[in-house]
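Down below is the structure, laid out as structure tokens.
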Amino acid sequence: MIAFSLDKVACAYDQRSVLSDISFEVNAGEIVALIGPNGVGKTTLLRTMARLMHPVTGKIYLMGQDLWQPSQREIARKLAYASQSGDESWDATVEQTVALGRAPHRGWFLPLNEQDQEVVNKSLEQVGITELRKRNATRLSGGEKKRVNLARVLAQEASVLLLDEPTAHLDLKYQTEILNLVHRLAHQEGMTVIVSLHDLNQAAMVADRVVLLHKGGINAIGTAAEVMTQERLSAVYGVPILVMKHSSLAVPVILPNVQLVDSAVNGAGNDA
Amino acid sequence: MSRQRFIFWIVILSLLLISTLVISLGIGAVFIPPERVVDIITNPSQADLDPAEISIVRDLRLPRAFLAALVGAGLAIAGAAFQALFRNPLADPYVIGASSGASLGATIAITFGLTWNFAGFGPIQLAAFVGALSTVFLVYTIAGGNVKAGVISLLLAGTAISTVLSSVTSLFMLMNRESTHEIFSWLMGSFNGRSWPQLTVSLPYLVIGMAILWFASRPLDALSLGEDTAQTIGLSIGKTRGVVVAAASLITAAAVASSGVIGFVGLVAPHIARILFGASHHRLIPASAVLGGLLTLLADDLARTLMAPFELPVGLITSLIGGIFFLYLIRTRQRSPRGGL
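If you're matching them up, the sequences are chains X and W in order. Here our numbering runs 1349 ahead of the position in the first sequence, where the first position is 1. Here our numbering runs 135 ahead of the position in the second sequence, where the first position is 1.
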């Protein structure tokens, strides 16, 4: 089943064109990573898919239905979006913030019932912030705020997730946990995940397919091994990039090909 | 804070408000002890009560105190709503031009000696009410309906139009020096001489506006996360923004029309409520209302007793005390381990 389908979509801010002729499909239960250089339009594309901005031209379908057809609330039950900044905190507790994710199901005037509370508890647990539940959401670290944001998104119980740089500002432990969670949500619970990642290794590791954006359009689309070749990545990013094979997994490993120079400082590097 | 604790504190604050109300009814040029005030309110037919005192309490002080508490409550709720809408703790009920529109309306009514009456409003009240609502409508038409442009355009248009209208008001004051004092005292806000007619005229607008905003508690919670996030959890931004602006402006217009521009209550009351009860609007709105009512009532008591028989404008008291209290809050909160405001 096709979860998301984009047909010749073009996006622009005011009159400035950001992306054009974007067409691809995302299967239900699939993880698709959007990759590409800074400023290429990954966030713009995710915001357009989240119905936060209108495409200039083209059509977007969510589970076969025009994205702009249903009510905002109907969309929110199927589609959840976590922004890049994660700065959606307000002066309330973590639990109250996450509970707002239940709004598409409960409406705006009824208090949470037991089932909602269970979903909130599960979401807090899934991103590992149960112990923060009574804390003020504004007084958390950047990484904690990002996880609160993700828990709120999970509380929406949508079948399609749009995640904008969910691992940015997190340390390796939480990067790994978030990527594990994304993988589990898609491959065990059948959720569809479209995620933008600037870290190509993370994209290679977790995504079923990657969409490489470059110069206002799609440069390549396919599995990480197909898309992430040394020649293509070096050309797209404009710097020499090393692509190697992972010793045990069938994914490419990407390294910046830094031009190392001999140190001019006396003795440095010659300690041995 | 648990639900029981919240209710306990709201009851305590409400009792404090009621006691302040009873004391307010007793103080002034003629002092009436609280127990006699209670007698006059609950059982005025008692033979030993002085008819003059009954009249002072029931015709003069009671409607004035009610109006002060109600206007304070309304301004506090409107402030809380605008703070959520703009995600800015410095937003107040006048942020999108209600006070400048009301001031210009009142100034025109005073300068030209208008004598129109409509729906129970006198000429100044009517002009202020219409001025406030039409300014907000203008600001909203220019900027507010454009969801894509974001809420910030509303703030900018409000500031720009307020500046223009304030200049026009100043021009009227300069050109017409004999009315300057009257205009100026109106601009400073006062409950002096307000009685049942002003209360009954403003009451429906204040109560309806406050009820709508309390009803919109959860959408206001969602807006506190930012409009993008609110939208992705299913909130219709355009509709919600329209309803919040309309309800908060109705309150502000009714408050300004009945008692002039009273500053700082709409800023300080929600701020204290947030510190005490958190930012969830289901609690913040009633708590702000009780605190706003209490603060405005106390300010009015000070306004009419500090320099008696001369009465100070209540807006002067709220701004003076509110401003100093705000500075105190900033200082103490900076030093607290939780930091920030």
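Glycine included, C-beta positions come from ideal geometry on N, C-alpha and C.
Next on the checklist: Is there a Cβ of chain X sitting closer than 7 Å to that of Leu476 (chain W), yes or no?
Outcome noted: The pLDDT assigned to Leu476 (chain W) is 40, lower than 50, so where the model puts this residue is not dependable; a value taken from the coordinates is nonetheless given after this. Answer no: the Cβ-Cβ gap between Leu476 (chain W) and chain X never drops below 7 Å.
Checklist entry - Is Thr367 (chain W) close to chain X, meaning its C-beta is less than 7 Å from at least one C-beta of that chain? => result yes
Item to check | Inter-residue spacing [alpha-carbon to alpha-carbon] between Phe253 (chain W) and Leu261 (chain W) | outcome: 7 Å
Checklist entry - What's the gap between the Cα of Ala241 (chain W) and the Cα of Trp321 (chain W)? => result 8 Å
Checklist entry - To the nearest angstrom, how far is it from the Cα of Lys1427 (chain X) to the Cα of Tyr340 (chain W)? => result 39 Å
Next on the checklist: Across the segment 1538 to 1545 of chain X and the segment 1507 to 1518 of chain X, are there enough close Cβ pairs to call them in contact, namely three or more that are closer than 8 Å?
Outcome noted: yes
Checklist entry - If you run the structure through DSSP and keep just helix, strand and coil, what is Asn1323 (chain X)? => result Chain X is shown from 1350 up to 1621; residue 1323 (chain X) falls before or after that span and cannot be answered.
Checklist entry - For a contact meaning CB atoms closer than 8 Å, what does Leu1489 (chain X) contact in chain W? => result Within chain W, no residue comes near Leu1489 (chain X); the closest Cβ sits about 12 Å away, beyond 8 Å.
Checklist entry - Under the three-state reduction of DSSP, which class applies to Leu261 (chain W): helix, strand or coil? => result helix
Checklist entry - Taking Cβ-Cβ distances shorter than 8 Å, what residues in chain W pair up with Phe1458 (chain X)? => result Phe350, Arg353
Checklist entry - Applying the criterion that 16 or more other CB atoms from any shown protein chain within 10 Å of the CB defines a buried residue, is Tyr275 (chain W) buried or exposed? => result buried
Next on the checklist: For Asp227 (chain W), would you say it is in contact with chain X, using Cβ-to-Cβ distances shorter than 7 Å as the test?
Outcome noted: no
Checklist entry - In three-state terms, what does DSSP make of Pro472 (chain W)? => result At Pro472 (chain W), the pLDDT of 41 sits below 50, so the modelled position is not reliable; the number obtained from the coordinates is stated separately. Looking at Pro472 (chain W) - three-state DSSP - the assignment turns out to be coil, as it is neither helix nor strand.
Item to check | Among X:Val1610, X:Gly1587, X:Asp1611, X:Leu1582, nearest to Ile1603 (chain X) - alpha-carbon criterion | outcome: X:Leu1582
Item to check | Counterpart residues of Val1602 (chain X) in DSSP-defined beta bridges | outcome: X:Met1593
Checklist entry - Can we say the segment 425 to 432 of chain W touches the segment 289 to 298 of chain W, given the rule of at least three CB pairs closer than 8 Å? => result no
Checklist entry - For Leu1481 (chain X), which residues in chain W fall below 7 Å Cβ to Cβ? => result Here the premise fails: no neighbours, minimum Cβ distance about 15 Å.
Item to check | CB contact check: Leu291 (chain W) to chain X, cutoff 7 Å | outcome: no
Checklist entry - In the segment 1440 to 1474 of chain X, which residues sit with their C-beta less than 8 Å from some C-beta in chain W, listed in chain order? => result Asp1440, Ala1441, Thr1442, Gln1445, Thr1446, Leu1449, Gly1450, Ala1452, Pro1453, Trp1457, Phe1458
Checklist entry - When we look at the beta-carbon of Met136 (chain W) and count the other beta-carbons within 10 Å, is it buried (16 or more) or exposed? => result exposed
Item to check | Under 8 Å (Cβ pairs) to chain X, residues found in the segment 399 to 419 of chain W | outcome: Arg409, Gly413, Ala414, Ser415
Checklist entry - List, in order along the chain, the chain X residues whose C-beta lies closer than 9 Å to that of Ser371 (chain W)? => result Ser1420, Gln1421, Arg1422
Next on the checklist: Check for me: the alpha helix (DSSP H) holding Lys1522 (chain X) runs from which residue to which?
Outcome noted: 1521 to 1536
Checklist entry - Are at least three pairs of beta-carbons, each pair with one atom in the segment 178 to 186 of chain W and one in the segment 331 to 349 of chain W, less than 8 Å apart? => result no
Item to check | C-beta atoms of Ala233 (chain W) and Ala404 (chain W) nearer than 7 Å | outcome: no
Item to check | Classification of Pro1605 (chain X) by the beta-carbon crowding that lies within 10 angstroms, buried from 16 upward | outcome: exposed
Checklist entry - What residues in its chain sit with their C-beta under 6 Å from that of Arg473 (chain W), if we drop five residues either side in the sequence? => result Note on Arg473 (chain W): pLDDT 41, under 50, position unreliable in the model; no value is reported.
Next on the checklist: Against chain X, does Ala211 (chain W) count as a neighbour if the rule is that its beta carbon must be under 7 Å from one of theirs?
Outcome noted: no
Checklist entry - What residue range is occupied by the uninterrupted beta strand (DSSP E) comprising Val1544 (chain X)? => result 1541 to 1545
Item to check | C-beta atoms of Ser337 (chain W) and Thr246 (chain W) nearer than 7 Å | outcome: no
Checklist entry - Does the separation of the CB atoms of Ala1556 (chain X) and Ile1380 (chain X) fall below 7 Å? => result yes
Checklist entry - Could you give the residue range of the alpha helix (DSSP H) that holds Tyr340 (chain W)? => result 331 to 350
Checklist entry - What residues of chain X sit near Ser359 (chain W), judged by a beta carbon separation below 7 Å? => result Trp1439
Item to check | Straight-line Cα distance separating Leu419 (chain W) from Gly413 (chain W) | outcome: 7 Å
Next on the checklist: Helix, strand or coil for Ala1569 (chain X)? Go by DSSP, reduced to three states.
Outcome noted: strand
Checklist entry - From Leu1461 (chain X) to Asn311 (chain W), what does the alpha carbon distance come to, in whole angstroms? => result 59 Å
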